[in-house]
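Asker: Take this structure first; my questions come after.
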Amino acid sequence: MPRRPVLIFAAVVLLIAAGLGSYAYLGRGTHAPQGSGTALVGGPFSLIDQDGRRVTERDFLGKYMLVFFGYTYCPDVCPTELQVMSAALDQLGPDASRIQPVFVSIDPARDTPEVLKAYVGNFGPRLMGLTGTPEEVAAIARAYRVYYTKAAGGSSSTDYLMDHSSIIYLMGPDGRFVRHMAYTTDAAKLAMELKETLRLSP
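The opening position of the sequence shown corresponds to residue 1 in the UniProt record's numbering, with each subsequent residue numbered one higher.
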């Protein structure tokens with residue numbers, strides 16, 4: 001095959017691969033590479049906390065945010081990860097005050113502020129729960145590249161499970177993405193990663 005057609009064919013293959021990669025990234029809630037510091041994850045949002053107050057991303061400026069998306073009816077992953085987050089922060093000592101843990105509900109139909117308040121209280125006094133309208137929740141999920149959907153097979157309109165990403169996001173004091181931590185049941189490991197980030201922070 002002549003050299004020019006070979007080069008054209010290679011370029012087409014690369015473009016197709018890039019397109020498929022972008023589709024997977026946007027469609028399945030994939031996040032930016034760890035430690036990239038890019039603006040691919042995060043952004044403006046407006047939600048309601050467990051006390052009924054309107055909260056935006058600006059309310060967290062000056063603090064790190066440790067963000068996890070889930071729902072209060074989650075039978076296993078969510079309570080496990082929130083407990084791990086709480087235990088990891090306990091291991092930071094005074095530095096824990098530099099981080100605000102946040103639980104964002106992806107099930108606004110059932111997770112009202114009242115429901116969230118009762119739920120987040122199980123994981124210590126630091127945890128803030130956020131919910132909103134379906135549109136508001138969808139907006140922050142898009143901003144954080146979070147995948148979620150109602151699972152098939154629910155027995156009623158109020159008895160169902162949700163499929164969702166299980167990733168912890170760390171946002172910086174300036175509101176920008178710092179890194180992600182994959183689902184873990186190891187609080188000591190999470191605490192070590194947080195300590196390292198705080199150590200490198202000015």
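Virtual Cβ for every residue (Gly too), placed ideally from N, Cα, C.
Just grab the DSSP bridge partners of R179 for me.
Answerer: Paired residue(s): L170.
Asker: Could you tell me the distance, in whole angstroms, from the CA atom of G62 to the CA atom of A88?
Answerer: Rounded to the nearest angstrom, the two C-alpha atoms are 20 Å apart.
Asker: When you compare each of F103, R54, L127 to D90 by their alpha carbons, which one comes out closest?
Answerer: L127
Asker: Out of I168, T185, P94, G153, which one is the CA nearest neighbour of M162?
Answerer: G153
Asker: Report the option in M192, G175, A188, A187 whose CA atom is closest to the CA atom of F60.
Answerer: G175
Asker: For the candidate residues L200, V146, L190, T131, whose alpha-carbon lies nearest to that of E81?
Answerer: L190
Asker: Quick one, which of P101, M85, D111, S166 has its alpha-carbon nearest G132's?
Answerer: Each of P101, M85, D111, S166 was checked against the Cα of G132, and the nearest Cα belongs to D111.
Asker: Can you tell me whether R145 is buried or exposed? The criterion is at least 16 other CB atoms within 10 Å of its CB, across all chains shown.
Answerer: buried
Asker: Per DSSP, which one or two residues make a beta bridge with R54?
Answerer: Bridge partners of R54: I48.
Asker: Assign Y148 to one of three DSSP states: helix, strand, or coil.
Answerer: strand
Asker: Determine the DSSP secondary structure at Y160, reduced to helix, strand or coil.
Answerer: coil
Asker: Taking the beta carbon of D107 as the centre, do at least 16 other beta carbons fall within 10 Å, making it buried, or is it exposed?
Answerer: buried
Asker: Pull up the distance between the alpha-carbon of Y25 and that of L40, whole angstroms please.
Answerer: Residue placement at Y25 is flagged as unreliable, the pLDDT there being 38, under the threshold of 50; a coordinate-derived value is accordingly withheld.
Asker: Just the Cα atoms here: how many angstroms apart are I140 and R54?
Answerer: Cα-Cα distance, rounded: 14 Å.
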